[in-house]
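What follows is a short report on a single structure.
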Amino acid sequence: MSTPLLLVDGHNLLYRSWFGFPTRIWNRARDADCTGVFGFAALLRKAQIQHAPGHEIVVVIDAEDGSQGRAAEDSDYKANRAAPEPGLIESLADIKRGLDACQVRWIEHDGCEGDDVLATLTTTARCDERPTDIMSADKDFIQLLDDPHVRLLNTGLAEANRYTTSADVPARYGVTAAQWPDYRALTGDQSDNIAGIRGVGPKTAVRLLAGSATLDQVPAASLKSTWSDQWAQALRWREMIRLDRKVDLPDNILTGVPSAELPRAAQLLESLDLW
Numbered sequence: 237m238s239t240p241l242l243l244v245d246g247h248n249l250l251y252r253s254w255f256g257f258p259t260r261i262w263n264r265a266r267d268a269d270c271t272g273v274f275g276f277a278a279l280l281r282k283a284q285i286q287h288a289p290g291h292e293i294v295v296v297i298d299a300e301d302g303s304q305g306r307a308a309e310d311s312d313y314k315a316n317r318a319a320p321e322p323g324l325i326e327s328l329a330d331i332k333r334g335l336d337a338c339q340v341r342w343i344e345h346d347g348c349e350g351d352d353v354l355a356t357l358t359t360t361a362r363c364d365e366r367p368t369d370i371m372s373a374d375k376d377f378i379q380l381l382d383d384p385h386v387r388l389l390n391t392g393l394a395e396a397n398r399y400t401t402s403a404d405v406p407a408r409y410g411v412t413a414a415q416w417p418d419y420r421a422l423t424g425d426q427s428d429n430i431a432g433i434r435g436v437g438p439k440t441a442v443r444l445l446a447g448s449a450t451l452d453q454v455p456a457a458s459l460k461s462t463w464s465d466q467w468a469q470a471l472r473w474r475e476m477i478r479l480d481r482k483v484d485l486p487d488n489i490l491t492g493v494p495s496a497e498l499p500r501a502a503q504l505l506e507s508l509d510l511w
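So the number in the working numbering is just where the residue sits in the sequence shown, counting from 1, plus 236.
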């Protein structure tokens with residue numbers, strides 16, 4: 237069997253690391269906050285041990301200008317997000333150094349959101365028939381579960397609920413993975429500041445999309461006039477929500493070689509002179 241792949245949503249894991257520990261983690265001199273780097277290394281190692289032994293691990297990081305394309309389509313896109321706390325994004329430089337030291341590949345592709353890079357790598361891996369897990373709490377990746385050999389892994393949940401598969405999506409949400417962009421265009425996505433159609437909640441969205449329908453196939457007669465007035469906007473939102481699975485990436489990102497066992501976080505920080 238081909239080497240299974242674990243794709244890691246780098247920014248999602250960084251935010252979990254930065255905010256997920258009960259106290260800040262300082263170096264021995266207590267003059268540098270190591271929470272982001274330590275937490276990232278610790279959570280990634282734990283995920284490898286519990287869920288991805290023998291997997292190739294690749295970390296995907298958002299480019300600084302990654303969201304500009306979608307923001308050009310809708311100026312409200314992600315406009316609700318507060319500036320990150322000082323030190324959070326700055327942790328990325330040391331995280332990259334740590335990944336290099338562990339020989340874990342990472343990619344930050346100029347002009348691209350990490351979600352699109354991750355979607356493209358998923359498509360590439362599946363063309364080689366490699367089972368692929370995506371480590372993230374971001375529900376945008378549900379649309380990639382239209383392939384039954386792709387799973388979404390959220391290690392922040394109870395162990396029994398950590399994986400979401402294509403079979404889980406209809407049971408949880410009432411739509412298929414392929415319908416996810418249509419569903420979110422109707423119901424909205426607060427994290428990306430996509431409002432959704434006013435007056436359409438999850439139950440109504442499921443009814444409108446019954447029978448695996450897309451937004452284009454919803455009968456006009458089933459729409460209230462206020463919904464019809466917003467329909468063109470919903471179609472634009474759907475295109476923003478859809479992930480680009482054909483980003484032009486370097487050919488050598490995926491090697492097919494299992495990643496080595498990751499060191500303990502303290503050991504890694506020691507080797508980087510951060511401890």
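Yeah, the Cβ is synthetic: ideal placement off N, Cα and C, and Gly gets one too.
When Gly492, Ser253 and Val386 are compared against glutamate 321, the one with the closest alpha-carbon: Ser253
Three CB pairs or more closer than 8 Å across the stretch 290 to 305 and the stretch 486 to 498: yes
Every unbroken alpha helix (DSSP H) inside the stretch 387 to 451 [4 residues or more]: 404 to 409, 416 to 423 and 438 to 444
Status (buried if at least 16 other CB within 10 Å, exposed otherwise) for serine 458: exposed
Aspartate 369, enclosing beta strand (DSSP E) - first and last residue: 368 to 371
Residues bridged to arginine 341 [DSSP beta-bridge criterion]: Val294
Paired residues, beta bridge with tryptophan 262 - DSSP: Asp269
Residues that DSSP places opposite aspartate 245 in a beta bridge: Val296
Collapsed DSSP secondary structure at arginine 500 in the structure displayed: coil
Phenylalanine 276 classed as buried or exposed, judged by whether at least 16 other C-beta atoms fall within 10 angstroms: buried
Reduced DSSP secondary structure (H/G/I, E/B, other) of threonine 462: helix
Given arginine 288 as reference, the closest of Ala394, Arg387, Arg443 and Ala403 once Cα atoms are compared: Reading off the sequence, residue 288 comes out as alanine, not arginine. Looking at the Cα atoms, Arg387 is the closest of the given residues.
Check whether valine 273 and glycine 350 have beta carbons under 9 Å apart: no
DSSP three-state assignment for glycine 334, whether helix, strand or coil: helix
The alpha helix (DSSP H) enclosing alanine 361, as first and last residue numbers: 350 to 363
Of the listed residues Thr462, Thr440 and Asp425, nearest to tyrosine 313 (C-alpha basis): Asp425
Test item: CB-CB of aspartate 369 and aspartate 245 under 9 Å: no
Selection from Ala394, Asp352 and Leu250 that minimises the alpha carbon distance to serine 327: Leu250
Close Cβ partners of glycine 392 (< 8 Å) along its chain, the five nearest in sequence each way excluded: Arg252, Gly256 and Ala373
Candidates Asp376, Glu475, Gln469 and Gly432, of which the one nearest asparagine 390 by Cα: Asp376
Nearest residue (CA-CA) to asparagine 429, options Ile477, Lys282, Ile297 and Asp269: Ile477
Between the CA atoms of proline 384 and alanine 414 - distance to the nearest angstrom: 11 Å
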